[in-house]
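Numbered per the working numbering, the sequence shown spans residues 1170 to 1364.
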Amino acid sequence: MKQKRILSPIRHFQILAVSYFSLEILFRLLMNFDLFNVQMLRILMFTLTLSGLLVLVTMPLKPKPAIILNGVVLFAACFLGFSQVSYRNYMGNFFSVRLIGMFNEVASYSVDFISYLRPVYFICFLPFIAYLYMIRRNRDRIALFSWKETLTGSMILLTLHLFSLLSLGWWVNEIAIVLPREIYYEPVFSEPALR
């Protein structure tokens, strides 16, 4: 009997982690931010946490819906990165969630905004394209995780996430107006943007 081809959850985690981390690196390169500093460790921890969480949430699903759901979330992250880079080129700062609520008021500037787009900004979508390619190439014949493996993975993920949260006060970005810990505990700031 031929075994059904499914994607290994560990391989899926690796693909997601590489995709999200490469998106972060591309974003930092496009913004001319320093790549070699302690904050890359925090970015790596949160990337691993996000990837692990997405794999754990989608593990009960069949492989195809799990891949599609993770692909949609990655595409949204790539689109957000593209939008932030483009908006910073247009306005000189990053947009906040409050701006999304005022979409009708800024729609009149859309033609002017589009003229500020540069082809290099579309590089933000490379992690999504790479995700689709890696998913297509890395299908395995493997059984799903047992409940013990899932519980172990969840505990490792929780520990990594708690360590990531503790690190919010350790390596503060010198250009941040508001500390990351304050933004995490009080996300109602109207403009948590960078200088």
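Ideal Cβ positions, reconstructed from N, Cα and C, are used throughout, including at glycine.
Best match in the options for proximity to residue i [C-alpha to C-alpha]
| i | options | result |
| --- | --- | --- |
| L1223 | Y1256, F1251 and Q1183 | Q1183 |
| Y1259 | S1284, Q1208 and L1329 | S1284 |
| R1180 | R1197, L1199, Q1208 and P1232 | P1232 |
| G1240 | P1178, R1305, Y1300 and V1226 | Y1300 |
| G1261 | V1187, M1324, M1200 and Y1189 | M1200 |
| S1220 | S1188, I1298, A1245 and L1286 | S1188 |
| T1216 | R1306, R1287, A1186 and N1206 | A1186 |
| L1198 | I1292, T1321 and R1306 | I1292 |
| T1321 | A1245, M1214, V1207 and L1225 | L1225 |
| A1245 | I1298, R1306, M1324 and R1305 | I1298 |
Nearest-angstrom Cβ-Cβ length linking residue i and residue j, presumed shorter than 8 Å
| i | j | result |
| --- | --- | --- |
| F1251 | Y1290 | 6 Å |
| L1398 | I1194 | Residue 1398 lies beyond the residue range present for the chain, which begins at 1170 and ends at 1364; the question has no answer from this structure. |
| V1254 | F1202 | The Cβ separation is near 11 Å, so there is no contact. |
Same chain, Cβ closer than 8 Å to residue i, neighbours up to 5 away in sequence not counted
| i | result |
| --- | --- |
| V1242 | L1223 |
| L1249 | none |
Enclosing alpha helix (DSSP H) for residue i [first to last residue]
| i | result |
| --- | --- |
| S1220 | Q1208 to T1227 |
| N1258 | P1232 to M1260 |
| M1303 | L1295 to R1306 |
| F1196 | P1178 to L1199 |
Neighbourhood of residue i by C-beta distance below 7 Å, restricted to the same chain and skipping five residues each side
| i | result |
| --- | --- |
| T1227 | A1235, L1238 and N1239 |
Nonlocal neighbours in the same chain, by C-beta distance under 6 Å from residue i, ignoring five residues either side
| i | result |
| --- | --- |
| M1365 | The chain is shown only over 1170 to 1364; residue 1365 falls outside these bounds and no answer can be derived. |
| S1191 | P1296 |
| L1210 | none |
| F1294 | C1247 |
| Y1256 | F1264 |
Residue i: CB within 7 Å of a non-hydrogen atom of the ligand GTP
| i | result |
| --- | --- |
| Q1253 | Among the components of this structure there are no ligands whatsoever, and the ligand GTP is therefore not found. |
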